[in-house]
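Numbering (our numbering), first residue to last: 1186 to 1515.
Contents: one structure, followed by commentary.
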């Protein structure tokens, strides 16, 4: 828990134990983490399978430095994140987040992780996602925060009236979203059709007009082209009340990963990074379901080692967990 929920590296935990007179070196702690992750792997796999069966997911990825002993330095791996959260529109399915480690950022990893997924995938601008959509079973909804960031950086760097005006256009969409948060998907769709559709049409016309008037080599032109080249995915939310305006749901879930990465500097091996993905998946899914991660992991690990039947694995998923007296399994 201290490693994945409190983002405390194992070497620091070993130092804390030493001050308390407990001799536990980092390698021993790492072995314990590995054993726990081994027992939790079926839960991780099942949770990802459940998410793949949903019709709307968020996706993102972040780097993970991994020790490469043979070369005497670190290499760059990737933690891919897949999240589902239907609460903003009153959906009944519980929220969840799954992390999957891969040694690289190739599109093939995405294809493997989301094999069988059919629906809407909300993403940033990484070019692997359109390759997945080319297969015909996935529709992409792009993130307005990523699009906005390009204009924001220009507006805060100095006088940039066009970029500032673009931010005003974008703010109008978020004002509408604030009004309809928590309403049903159909209510959101109807309001967006009435209010957001005219704004989107006007914004697109405005972007194209400004692009025609400026040098194509400046950063403002890049920002406008970024938006226009993804316009269909950026405006998909207007016709589907389940879609959010941005990818913040999954990006928030990655903050803990980034904090652990900052504190620990690197994973000790590919296997260690895989363990990280397994345990972090369950810890973060506990958090967004208001389940105490420590109580959950303690209870679930005890049940697993006592022979909890694999056919009943869904009972151990974080959103299904209920704190109760452990029952011995014959």
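Think of the CB as a built atom: it goes at the ideal place given N, C-alpha and C, for glycine as much as any other residue.
Everything numeric in this text was worked out from a predicted model, so none of it was measured.
If you compare alpha carbons, which of 1229, 1241, 1234 is closest to residue 1422?
Translated into positions along the chain shown, residue 1422 becomes position 237. Of 1229, 1241, 1234, the residue nearest in Cα terms is 1241.
Among 1418, 1235, 1223, the one whose alpha carbon lies nearest that of residue 1302
The count along the chain shown starts at 1 and reaches residue 1302 at position 117. When only C-alpha atoms are compared, the closest one is 1235.
Cα-Cα separation between residue 1398 and residue 1390, rounded to whole angstroms
Mapped onto the chain shown, residue 1398 falls at position 213. Mapped onto the chain shown, residue 1390 falls at position 205. Using only the alpha carbons, I get a separation of about 13 Å.
Nearest to residue 1407 by alpha carbon, out of 1348, 1322, 1431?
Here residue 1407 refers to the residue found at position 222 of the chain shown. When only C-alpha atoms are compared, the closest one is 1348.
Residue 1363 versus residue 1456: straight-line alpha-carbon distance, rounded:
Mapped onto the chain shown, residue 1363 falls at position 178. Mapped onto the chain shown, residue 1456 falls at position 271. When rounded, the distance between both Cα atoms is 42 Å.
Exposed or buried, residue 1452, counting other C-beta atoms within 10 Å across all chains shown (16 or more means buried)?
Taking the first residue of the chain shown as 1, we reach residue 1452 at position 267. Residue 1452 is buried by the Cβ-count criterion.
In the DSSP output, which residue or residues are listed as bridge partners for residue 1222?
Within the chain shown, residue 1222 is the residue found at index 37, counting from 1. Note: residue 1222 sits in no beta bridge, so no partner.
Grab me the residues of residue 1355's own chain with a C-beta within less than 7 Å of its C-beta, minus the 5 sequence neighbours each way, in chain order.
In the chain shown, counting from the first residue as 1, residue 1355 sits at position 170. Correct list, in chain order: 1329, 1333.
Decide if residue 1245 is buried, meaning its Cβ has at least 16 other Cβ atoms within 10 Å, or exposed.
By one-based count along the chain shown, residue 1245 stands at place 60. With 16 or more Cβ atoms within 10 Å of its Cβ, residue 1245 is classed as buried.
Identify the residues that DSSP records as bridge partners of residue 1282: which are they?
Taking the chain shown and counting its residues from 1, one reaches residue 1282 at position 97. Looking at the DSSP assignment, residue 1282 forms a beta bridge with 1268.
Residue 1358 lies in the alpha helix (DSSP H); which residues open and close that run?
Position 173 of the chain shown, counted from the first residue, corresponds to residue 1358. Residues 1346-1365.
Is residue 1327 helix, strand or coil by DSSP?
The residue labelled residue 1327 in the question sits at position 142 within the chain shown. Correct three-state label for residue 1327: strand.
Check whether the stretch 1454-1469 touches the stretch 1219-1229, taking contact to mean three or more Cβ pairs, one atom from each stretch, closer than 8 Å.
yes
Go ahead and label residue 1436 buried or exposed: buried means 16 or more other beta carbons lie within 10 angstroms of its beta carbon, across all protein chains shown.
The residue labelled residue 1436 in the question sits at position 251 within the chain shown. It counts as buried.
Less than 9 Å separating the beta-carbons of residue 1415 and residue 1327?
One-based indexing of the chain shown puts residue 1415 at position 230. One-based indexing of the chain shown puts residue 1327 at position 142. Yes; because the gap between Cβ atoms is below 9 Å, this pair is in contact.
Do the CB positions of residue 1287 and residue 1262 come within less than 9 Å of each other?
What you label residue 1287 is simply residue 102 of the chain shown in a count that begins at 1. What you label residue 1262 is simply residue 77 of the chain shown in a count that begins at 1. Yes, these two residues count as a Cβ contact at 9 Å.
Cα separation between residue 1345 and residue 1482?
The sequence position of residue 1345 within the chain shown is 160, counting from 1. The sequence position of residue 1482 within the chain shown is 297, counting from 1. The alpha-carbon atoms of residue 1345 and residue 1482 are separated by roughly 51 Å.
Which term fits residue 1501, buried or exposed, when burial requires 16 or more other beta carbons within 10 angstroms of its beta carbon?
Against the chain shown, residue 1501 aligns to sequence position 316. So residue 1501 counts as buried.
DSSP has residue 1246 in a bridge; who is on the other side?
By 1-based counting over the chain shown, the position of residue 1246 is 61. Looking at the DSSP assignment, residue 1246 forms a beta bridge with 1265.
With a Cβ-Cβ cutoff of 9 Å, do residue 1392 and residue 1351 count as a contact?
Locating residue 1392 in the chain shown gives position 207, counting from the first residue. Locating residue 1351 in the chain shown gives position 166, counting from the first residue. In contact: residue 1392 and residue 1351 (Cβ atoms closer than 9 Å).
DSSP three-state assignment for residue 1253, whether helix, strand or coil
Numbered from 1 along the chain shown, position 68 holds the residue referred to as residue 1253. Strand.
Would you tell me roughly how many angstroms separate the C-alpha atoms of residue 1289 and residue 1314, rounded to the nearest one?
The residue you call residue 1289 lines up with position 104 of the chain shown. The residue you call residue 1314 lines up with position 129 of the chain shown. Approximately 15 Å, taken between the alpha carbons.
As assigned by DSSP and simplified to three states, the class of residue 1505
Taking the first residue of the chain shown as position 1, residue 1505 is located at position 320. In the structure shown, residue 1505 sits in a helix (DSSP, three-state: H, G or I).
Per-residue DSSP class, three states only, for residue 1402
Locating residue 1402 in the chain shown gives position 217, counting from the first residue. Looking at residue 1402 - three-state DSSP - the assignment turns out to be coil, as it is neither helix nor strand.
DSSP three-state label for residue 1415, please.
For the purposes of this step, residue 1415 is taken as residue 230 along the chain shown, with counting starting at 1. Looking at residue 1415 - three-state DSSP - the assignment turns out to be coil, as it is neither helix nor strand.
May I have the straight-line CA-CA distance separating residue 1227 from residue 1269, to the nearest angstrom?
For the purposes of this step, residue 1227 is taken as residue 42 along the chain shown, with counting starting at 1. For the purposes of this step, residue 1269 is taken as residue 84 along the chain shown, with counting starting at 1. Approximately 19 Å between the Cα atoms of the pair.
Cα separation between residue 1417 and residue 1343?
Here residue 1417 is taken as the residue at index 232 of the chain shown, counted from 1. Here residue 1343 is taken as the residue at index 158 of the chain shown, counted from 1. Their backbone Cα atoms lie some 30 Å apart in a straight line.
Should residue 1335 be labelled buried (16 or more other beta-carbon atoms within 10 Å of its own) or exposed?
On the chain shown, position 150 is the one that residue 1335 refers to. Answer is buried; the Cβ neighbour count reaches 16.
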